[in-house]
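> Pasting in a structure now, in structure tokens, and then I'll have a few things to ask.
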Amino acid sequence: MKTNSILRYALIMLFFLVSGKMLSQEMVSLPMGGCGRLLDTNTSAQYANFISFLPPCAKIGAVAVNASNMTDIDVNSYASLKPGIGAGICPIYVGVGTTGSDFPANKPVYIDFSSEGFNFNASFNDASFRFYNNGNEVYSTPVGGHFFFDFGDSQSRKIIKVMPNVAWDEIRLSYSDFGIGFTFNEMRVYNVLSEYYIDPMTYLSQPSDRTVPVGGSTTMTAVISNTDIDETPANVTYQWQILNGSTWTDLANGANYSNVTGSTLNINNIPAGFNNNQYRVVAKSSFYTCSFQANSNVGRLFVNAVNNPGTIGTDQTVCLDINADPAAFTVTAAAQVTGNAEYQWQSSTDNVTFTNITNATAATYDAPAVAQTTYYRRGVRSTLNGNVTAYQYSNVVKVTLKKSCLIKCIITNRMITAKPNSN
0 MKTNSILRYA
10 LIMLFFLVSG
20 KMLSQEMVSL
30 PMGGCGRLLD
40 TNTSAQYANF
50 ISFLPPCAKI
60 GAVAVNASNM
70 TDIDVNSYAS
80 LKPGIGAGIC
90 PIYVGVGTTG
100 SDFPANKPVY
110 IDFSSEGFNF
120 NASFNDASFR
130 FYNNGNEVYS
140 TPVGGHFFFD
150 FGDSQSRKII
160 KVMPNVAWDE
170 IRLSYSDFGI
180 GFTFNEMRVY
190 NVLSEYYIDP
200 MTYLSQPSDR
210 TVPVGGSTTM
220 TAVISNTDID
230 ETPANVTYQW
240 QILNGSTWTD
250 LANGANYSNV
260 TGSTLNINNI
270 PAGFNNNQYR
280 VVAKSSFYTC
290 SFQANSNVGR
300 LFVNAVNNPG
310 TIGTDQTVCL
320 DINADPAAFT
330 VTAAAQVTGN
340 AEYQWQSSTD
350 NVTFTNITNA
360 TAATYDAPAV
370 AQTTYYRRGV
380 RSTLNGNVTA
390 YQYSNVVKVT
400 LKKSCLIKCI
410 ITNRMITAKP
420 NSN
């Protein structure tokens with residue numbers, strides 16, 4: 000019976016120890032946004048004398064209370080420091096820690112902190128987060144320090160990120176001043192967190208505009224900043240979208256798209272119709288009861304294409320013996336390009352091999368007189384954002400040369416003679 004009682008007691012104690020540890024690791028949603036995991040602590044400490052005249056301190060009103068609130072599950076409860084009024088060197092603090100394994104070096108700690116009130120100090124004062132290991136201070140970082148006259152020290156509730164470069168087992172918010180201090184100020188620590196995740200998430204890289212020739216391929220990339228020491232949950236997912244009218248629509252893998260749920264979107268076999276498409280990625284993550292979403296910047300796709308090279312008129316016939324100069328070639332249908340059109344006229348004597356005509360780079364062309372039947376065509380290419388397409392060519396116009404077009408008339412005079420009629 001005694002053995003059973005001891006065992007029952009041990010189990011109860013173990014339950015409370017385990018429960019306490021689970022609670023200290025609780026994940027909480029913070030009222031000013033974001034989620035965090037409470038620091039895994041099992042000790043708390045606080046020190047201040049409301050009235051102290053022990054050398055070298057003479058102060059009234061110093062308060063350090065509710066240290067355990069720094070890692071409880073009530074996100075709005077807090078530990079409080081009030082420096083009080085007086086003179087001398089008067090340190091006070093609130094702190095939490097663990098009797099288990101040390102907290103590791105170079106891992107961030109997030110402190111939910113605020114300060115409000117009024118200071119009038121003829122002194123040097125300092126408020127710092129101090130880290131200890133086995134009772135020895137190993138690292139500190141200031142919340143704020145002031146010298147001589149200071150007429151205010153209010154800070155709205157915010158998360159302060161600290162990364163100690165050594166292992167530690169206790170963290171304290173400490174305050175001390177030297178000289179005469181009249182401080183009507185309260186510093187509060189609501190939560191000390193081993194993990195903290197903010198919303199919206201931050202992009203390490205964003206999509207940018209791309210220009211490609213028709214039929215080509217390209218990629219767009221957007222990556223959420225997500226390392227072991229940042230404020231982004233590990234389970235980040237991506238979904239690429241395209242803007243249809245005024246609606247963003249999820250993309251699916253297919254002939255033109257792949258990796259639509261990865262950080263890098265592949266766009267392949269790009270048709271001319273994709274010109275001016277707009278893309279973005281939606282990144283999502285979750286932590287406890289918090290869900291995070293971050294929309295990337297928009298990347299625009301420009302497709303450089305000659306959609307239609309246009310037409311340049313009809314065939315002509317000229318005469319060598321009258322005028323061998325053909326009429327200027329007109330544009331009967333304009334070229335259609337997505338960028339800036341550039342032209343190059345060509346000629347051929349066999350309608351097979353064409354060569355460029357020097358300085359013939361306008362939309363129209365007035366050819367000189369021909370010495371033989373000649374064929375003409377116009378090449379057009381598109382230049383867009385530094386990308387240049389190959390030339391595409393219009394219809395071919397044939398200029399036929401006739402050597403002789405004048406009508407030659409031969410007039411023959413015939414003399415007719417007649418005998419006189421004797422009758």
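Numbering (our numbering), first residue to last: 0 to 422.
Where a beta carbon is used, it is the ideal one built from N, C-alpha and C, also for glycine.
(1) Please report the straight-line C-alpha distance between THR352 and TYR392, rounded to a whole angstrom.
(2) Taking THR260 as the reference, which of ASN41, ILE269, ASP249, SER114 has the closest Cα?
(3) With DSSP as the reference, label ALA166 as helix, strand or coil.
(4) Do you know offhand how far ASN294's Cα is from THR246's?
(5) Grab the span of the beta strand (DSSP E) containing GLN205 for me, first residue to last.
(6) Quick test of your reading: PRO206 and TYR278, contact by CB under 8 Å. State the CB separation rounded to the nearest angstrom.
(7) Look up GLY261 in the DSSP assignment and say whether it is helix, strand or coil.
(8) Reducing DSSP to helix, strand and coil, say where PHE147 ends up.
(9) Would you say TRP344 and TYR364 are within 9 Å of each other, going by their C-beta atoms?
(10) Can you grab the Cα-Cα spacing for the pair ASN234 / TYR92, in whole Å?
(11) Tell me whether SER270 is buried or exposed, calling it buried when 16 or more other Cβ atoms sit within 10 Å of its Cβ.
(12) Can you tell me the Cα-Cα spacing of ALA359 and ALA332, whole angstroms?
(13) Short check: CB of PHE301 to CB of LEU383, under 9 Å?
(14) Assign ASP111 to one of two classes, buried (16 or more other C-beta atoms within 10 Å of its C-beta) or exposed (fewer than that).
(15) Whose C-beta lies closer than 8 Å to the C-beta of LYS20 among residues of the same chain, with five residues either side of it excluded?
(16) Determine the contact status of SER216 and ASN276, defining contact as a CB-CB distance below 9 Å.
(17) Candidates ARG36, LYS402, GLY385: which alpha carbon is nearest TYR189's?
(18) Quick check on MET432: does DSSP put it in helix, strand or coil?
(19) Please determine, among ASP198, ALA44, ALA366, TYR109, the residue with the shortest C-alpha to C-alpha distance to THR98.
(20) Going by Cα to Cα distance, which pick from PRO325, ALA304, LYS106 is closest to THR313?
(21) Would you decide whether LEU29 is buried or exposed? Buried here means 16 or more other CB atoms lie within 10 Å of its CB.
In this structure, then:
(1) 13 Å
(2) ASP249
(3) coil
(4) 14 Å
(5) Run containing GLN205: none; DSSP gives neither H nor E here.
(6) 6 Å
(7) coil
(8) Interpretation of PHE147 is limited by its pLDDT of 39, a score under 50 that renders its predicted location unreliable; the figure taken from the coordinates is listed afterwards. DSSP places PHE147 in strand when its eight states are reduced to three.
(9) yes
(10) 38 Å
(11) What sits at residue 270 in the sequence shown is Pro, not Ser. Looking at its Cβ environment, which holds fewer than 16 other Cβ atoms inside 10 Å, PRO270 is exposed.
(12) 18 Å
(13) yes
(14) buried
(15) Because the pLDDT at LYS20 is just 38, under 50, the model does not fix this residue reliably, and the value given afterwards should be weighed accordingly. ASP39, ASN41, listed in sequence order.
(16) no
(17) ARG36
(18) Residue 432 lies beyond the residue range present for the chain, which begins at 0 and ends at 422; the question has no answer from this structure.
(19) ALA44
(20) PRO325
(21) buried
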